[in-house]
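Student: Heads up, this note's numbering is the position in the sequence shown plus 85, with the first residue counted as 1. We put the beta carbon where it would ideally sit given N, CA and C, even for glycine. Source: prediction; values computed, not measured. First the structure, then my questions, so here it is.
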Amino acid sequence: MKEYNSVKPMPESTLSIEEVVPLNDGQVGLAVLGSPIKHSISPQLHNAAIVELASRLPSFSNWVYHKVEVDAQSLASALPHLAQCGYRGLNLTIPHKVEVFSMIDSIDKEARNIGAVNTLWNNGSEWLGFNSDGYGLERALVNHFNISLSSASILILGAGGAARAAAAQSLSRGCERIWIGNRSSGRLQNMMQALGESFDLDCMVPFEISMIPREILEKESVVIINATSLGLSREDSSPISLKGFPKSAKVYDMIYNPAETPLLKEAKSMGMVCENGLSMLVYQAVRSLEIWTQEKISAEAMFAAARTAL
Ligand code: NDP
C-alpha cells in the first residue's frame, strides 16, 4: 500500500454564507454545511484526497473544498447561492440532513431508505441528494472485521440518524438478524415504522437498551455497533456492558473522537476485536468525493489527513 506523508494541513477557516463569493473561472467548489461546523475536519480529508487526485489527473487541481456555517433557517437560500458561486458538491451535517428533503427535487433510493441526505451534487440545474454513511460503515466493517453484511448478525445501539443508516445498509444487504436497542422507545418505534416502508423487518428485533435479549449473548461472532452519542464526552459511561458476550463478538463504535470510548476500552480488555468510527468517517467522505468526481478516490490520503487533523 502506498504511504502518504501526514503533511501539516493548511489552516481550514470557517466561512459564513455571506463570505461565500463566486469562485474564479474554472474553479469547482465543494463544501460542508452545518451549524456548528467549526469542529469539522471534512476540508482536511477532502483537500488531501483532491491533491492526490490532481497528481494523477491535473484537471482536478482547481477543485477546492470549504466549510461554511449555515444554520437551519438559511439552508434554503444558501443552496441557490452556492450553485451560483460555482459550488457543485456539498456535504450536509447537523441540522440539515433531514430538513433538506423538502428543498431538493431528486433523492436517490439509498438516501430515502436512510431518511437522510449527507451529500448533494448539482447537475447544472438542480441539487440531487445522496447518503454515503451506510456505504462508509459497510466498507469499515469489511476492512476491519472482514465480514459481509449479507450474512452478519448485528446488534445496533441507538435509533438516531446514524443507527438508521446502519440498519438500512444491513437490511439492504439481506443480513441475517438485527437487534436494535434504544433508550427511548418512541424514537425506536418511529424508526421501525420508517424502515418498514422500504424493507421487510422480519429479521429485526427492537428492545429497550438496558434489557439485552439473552439470545444475542448466545450468538457467536455478533457485530456490535455503537450508534448512540454515549462516549463523545469524557464523562460518559458505556451504552451497554459487554459482560456475557462471547469473546468472538466484534465491536465497532461510530465515535472517533475520543479515539477510545468506554465501550471500546471494555471490548479491548475482554480481548474482542474492536475499532472506532474514523474509518466510517473516511469511507463516507471517499464515497461523496467519488460521486462528485466520478473518479477512484484515495482513502489512504484521507486517513493520513484525518490522523494529522485529530
Ligand atoms: P442522534 O442525535 O440522531 O442520535 C443519538 C442516539 O444516541 C439516540 O439513539 C439516543 O437515544 C442515544 N443516546 C444519547 N444519549 C444517550 C444516553 N445517555 N443513553 C443512551 N442512549 C443515548 O445522533 P446521530 O445518530 O447522528 O449520531 C450518533 C453517533 O454516531 C454520534 O456519536 C456521532 O458522532 C456518530 N456518527 C459517526 C459517524 C462517522 O462517520 N463515524 C457518522 C454519523 C454519526 P434516545 O433516542 O433515547 O435519545
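#1: Any chance the CB of residue 339 is under 8 Å from a heavy atom of the ligand NDP?
#2: Spatial neighbours of residue 369 within its chain, please: C-beta separation below 6 Å, excluding the five flanking residues on both sides.
#3: Is residue 96 helix, strand or coil when you go by DSSP?
#4: Who pairs with residue 205 in a beta bridge, going by DSSP?
#5: Per DSSP, what kind of secondary structure is residue 185 in: helix, strand or coil?
#6: Quick check: is any heavy atom of the ligand NDP less than 8 Å from the C-beta of residue 254?
#7: Exposed or buried, residue 391, counting other C-beta atoms within 10 Å across all chains shown (16 or more means buried)?
#8: Count the C-beta pairs between the stretch 156-166 and the stretch 192-201 that are closer than 8 Å, then say yes if the count reaches three, no if not.
#9: By Cβ distance, which residues of its chain are closer than 7 Å to residue 97, with the 5 residues on each side in sequence left out?
#10: Less than 8 Å between the CB of residue 365 and some heavy atom of the ligand NDP, yes or no?
#11: For residue 159, which three-state DSSP category applies?
#12: Taking 8 Å as the cut-off, does the CB of residue 319 come closer than this to any heavy atom belonging to the ligand NDP?
#13: Check whether the stretch 206-214 and the stretch 232-241 touch, using three or more Cβ-Cβ pairs below 8 Å as the test.
#14: Out of 177, 287 and 226, which one is the CA nearest neighbour of residue 214?
#15: Can you tell me which of the three DSSP states residue 268 falls into?
#16: Tell me which same chain residues have a C-beta within less than 8 Å of the C-beta of residue 340, skipping the five on either side of it?
Tutor: From the atom records:
#1: Working through the sequence shown from its first residue, we reach residue 339 at position 254. Yes; taking the cut-off as 8 Å, the Cβ of residue 339 has a heavy atom of the ligand NDP nearer than that.
#2: Indexing the sequence shown from 1 puts residue 369 at position 284. Excluding positions up to five away in sequence, the list reads 217, 218 and 221.
#3: In the sequence shown, residue 96 corresponds to position 11, counting from 1. In this predicted model, residue 96 has a pLDDT of only 47, less than 50, meaning its place in the structure is not dependable enough to derive any value.
#4: In the sequence shown, residue 205 corresponds to position 120, counting from 1. Per DSSP, 175 and 214.
#5: Counting from one through the sequence shown, the residue named residue 185 turns up at place 100. If DSSP states are grouped into helix, strand and coil, residue 185 belongs with the helices.
#6: Locating residue 254 in the sequence shown gives position 169, counting from the first residue. No, the beta carbon of residue 254 sits no closer than 8 Å to any heavy atom of the ligand NDP.
#7: Stepping through the sequence shown from its first residue, residue 391 is reached at position 306. Residue 391 should be labelled buried.
#8: no
#9: One-based indexing of the sequence shown puts residue 97 at position 12. Same-chain partners within the cutoff: 128, 129 and 152.
#10: On the sequence shown, residue 365 is found 280 positions in, with the first residue counted as 1. Yes, the beta carbon of residue 365 sits closer than 8 Å to at least one heavy atom of the ligand NDP.
#11: Within the sequence shown, residue 159 is the residue found at index 74, counting from 1. In the structure shown, residue 159 sits in a helix (DSSP, three-state: H, G or I).
#12: As a first step, residue 319 must be located in the sequence shown, where it is residue number 234. Not under cutoff, so the answer is no.
#13: no
#14: Mapped onto the sequence shown, residue 214 falls at position 129. Of 177, 287 and 226, the residue nearest in Cα terms is 177.
#15: Your numbering for residue 268 matches position 183 in the sequence shown. Residue state, collapsed to three classes: coil.
#16: Start at 1 with the first residue of the sequence shown, and residue 340 comes out as number 255. Around residue 340: 311, 314, 316, 317, 346, 361 and 362.
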